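In this note's numbering, the protein residues as written are 3 to 524.
Yeah, the Cβ is synthetic: ideal placement off N, Cα and C, and Gly gets one too.
These numbers were taken from a predicted model, which means no experiment stands behind them.
Working notes, structure below.
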Ligand SMILES: Cc1ncc(COP(=O)(O)O)c(C=O)c1O
């Protein structure tokens, strides 16, 4: 219990003073930082290690906090605001519309060749294949349907490495990949392959020099994700692709689950050989994904699933027609949403007439568009929408809360903002924000809260990784939701900091980093 702390502190490079803090005195109201004192959200990560010991924990707060309980939350009519778009996106109602016939009337097996039920299902699957191909500038023949990005990542990494194992035993990836990539590589390691896990720089981006230095004559595969799911960091995929093209016989795989449908992706421009895509990250259904597998030059890989030889023999099993249609429609809509870059080029068509977007979903700087039906919409521009909301969120927090660090490159995908709040205990922060569905930088394991390995790879101190929150914005996030979130964050961070003796010291101008904590005693 932190009732009394004595420690030597320093107010400057030379002046050591003694200082005693008793209990959780709060002598300030809400602190409104001003001017140069305010740390911006682009501060470098703190290296200070001990502050989490001096920030109040849930049982010390003096007011009731509680993690939203599953049963309680399920019973409640009002659900939290959803800002967890990297975990999953809601299905766009237009996607659901497209899928429904294949869950009801049109139930044929797309591999049945002898009757109309099969032909109509096959046609729907082929149309979907074309929509996905169009979104990434591929040939439809290069699109293989899978159950999601986890399966595609497994298939790409294990499949390529195992196919070439007689001659090549080396795979390169990065330390910040999704768990399913790291685990596929770990499995290969157990089978006798050598894996290089490239580090990332403090902004989360890999160094091309380090990548080139890691390449060996027996390297068969490089797997580097396009957009990171925790930080939104975008890797230089085009430059990596160009570099790898210079080395014959190395395949380039990218996990683009968080990129496709969010940022422009062109497999030829990027020189990518295999790409992983997930339906439920681009407003499509869960349980379906895609492997883009280049045909020229042909990528050779050992399939994980054997059987009927569907999908060029790379992924046996009956295709789920409705799910394939779902990811296809999601891709078609995403391409349109991205293509419309100015309101003047906005074309009113049936898609937009069926769009669920309501005017209130869109930032006020986009003009209304009057449809002949009498409904009015704002331009359906995913990126402009997410950009505007992202800017609003960052500015709103930055204007009212100091000592906030943005984790990862500021030029990352704006719909994924990862912030750490100094002098706040991460668990308390997340518990107090139960009106918002967010992810934190701590992954719950059975016994402890482990800080995120992705943030640690960026060099974030343990406590800063613990106090991080990921804000995931998307197509259906509204301005009003963002404003509510800003208000909640500002209120909660201030409230928690008011109870922190460490924060009090910071307010008094004490240089926390210069404190000699070894002299502390309770
Ligand atoms: C970067 C990344 N890769 C892979 C996956 C796994 O995708 P799926 O849920 O389609 O298996 C995810 C989803 O969390 C992800 O964010």
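Item	Value
State the CB to CB distance for the pair residue 321 and residue 93, rounded to an integer number of angstroms; the pair is presumed to be in contact (CB under 8 Å).	Actually they do not touch by this definition, with Cβ atoms about 19 Å apart.
Beta strand (DSSP E) containing residue 408: first to last residue?	406–408
Using a 10 Å radius around the Cβ and a threshold of 16 neighbouring Cβ atoms, would you call residue 117 buried or exposed?	exposed
Report the partner residues of residue 84 according to the DSSP bridge assignment.	439
Touch check for the segment 89–109 and the segment 120–137: three-plus C-beta pairs under 8 Å?	yes
Skipping 5 residues on each side, what residues in its chain have a beta carbon closer than 6 Å to that of residue 82?	437, 438 and 439
How far does the alpha helix (DSSP H) with residue 224 in it reach, from first residue to last?	That residue, residue 224, is in no alpha helix (DSSP H); its beta strand (DSSP E) goes 221–225.
Go ahead and pull the three-state DSSP assignment for residue 27.	Since pLDDT at residue 27 reaches only 30, below the 50 mark, its modelled position is unreliable, and the value read off the structure follows with that caveat. Reduced to three states, the DSSP call for residue 27 is coil.
Is residue 176 near ligand 1, in the sense that its beta carbon is under 7 Å from a heavy atom of that ligand?	no
Please give me, in chain order, every unbroken run of the alpha helix (DSSP H) with length at least 4 that falls completely inside the segment 164–224.	181–192 and 210–216
Between residue 441 and the rest of its own chain, which residues show a CB-CB distance below 6 Å, the 5 nearest in sequence each way excluded?	86 and 472
Would you mind giving the Cβ-Cβ distance between residue 326 and residue 105, rounded to the nearest angstrom? I have them listed as a contact below 8 Å.	Not a contact, Cβ separation roughly 12 Å.
Name the two residues that bound the continuous alpha helix (DSSP H) containing residue 433.	428–434
On the criterion of 16 or more Cβ atoms from any shown chain inside 10 Å, does residue 317 qualify as buried, or is it exposed?	buried
May I ask whether a heavy atom of ligand 1 can be found less than 7 Å away from the beta carbon of residue 234?	no
By a C-beta neighbour count over all protein chains shown, 10 Å radius and 16 as the cutoff for buried, is residue 88 buried or exposed?	buried
I'd like to check one pair, residue 301 with residue 329: are the Cβ atoms closer than 8 Å?	no
Would you say the beta carbon of residue 257 is closer than 7 Å to some non-hydrogen atom of ligand 1?	yes
Would you tell me roughly how many angstroms separate the C-alpha atoms of residue 515 and residue 508, rounded to the nearest one?	10 Å
Residue 485 by DSSP, collapsed to three states: which one?	helix
Do you know offhand how far residue 194's Cα is from residue 174's?	14 Å
Indicate, with yes or no, if ligand 1 has a heavy atom lying under 7 Å from the CB of residue 260.	yes
Quick one: Cα of residue 22 to Cα of residue 462, how far?	In this predicted model, residue 22 has a pLDDT of only 30, less than 50, meaning its place in the structure is not dependable; the value taken from the coordinates is given anyway. Their Cα atoms are separated by approximately 29 Å.
Throw me the rounded Cβ distance for the residue 398 and residue 265 pair, which I believe falls under 8 Å.	That pair is no contact at about 24 Å.
Using 7 Å as the cut-off, classify the Cβ of residue 227 as near or not near the heavy atoms of ligand 1, replying yes or no.	yes
Between the segment 220–235 and the segment 403–413, do three or more beta carbon pairs fall short of 8 Å?	yes
With a threshold of 7 Å, establish whether the CB of residue 439 neighbours any heavy atom of ligand 1.	no
Is the beta carbon of residue 291 within less than 7 Å of some heavy atom of ligand 1?	yes
Just mark residue 210 as buried or exposed, buried being the case when its beta carbon has 16 or more other beta carbons within 10 Å.	exposed
Do you know how far the Cα of residue 187 is from the Cα of residue 387?	37 Å
So residue 311 and residue 150 are supposed to be a Cβ contact under 8 Å. How far apart are they, rounded?	Rounded, the Cβ-Cβ distance is 21 Å, inconsistent with contact.
Is the Cβ of residue 111 closer than 8 Å to any Cβ of chain D?	Here chain D cannot be found, since the structure has a single protein chain.
Apply the 10 Å Cβ neighbour rule to residue 506 and answer buried if 16 or more other Cβ atoms are within range, or exposed otherwise.	buried
In this structure, how does DSSP classify residue 501 when only helix, strand and coil are distinguished?	coil
Just list the residues that DSSP pairs residue 257 with in beta bridges.	278
Residue 104 by DSSP, collapsed to three states: which one?	helix
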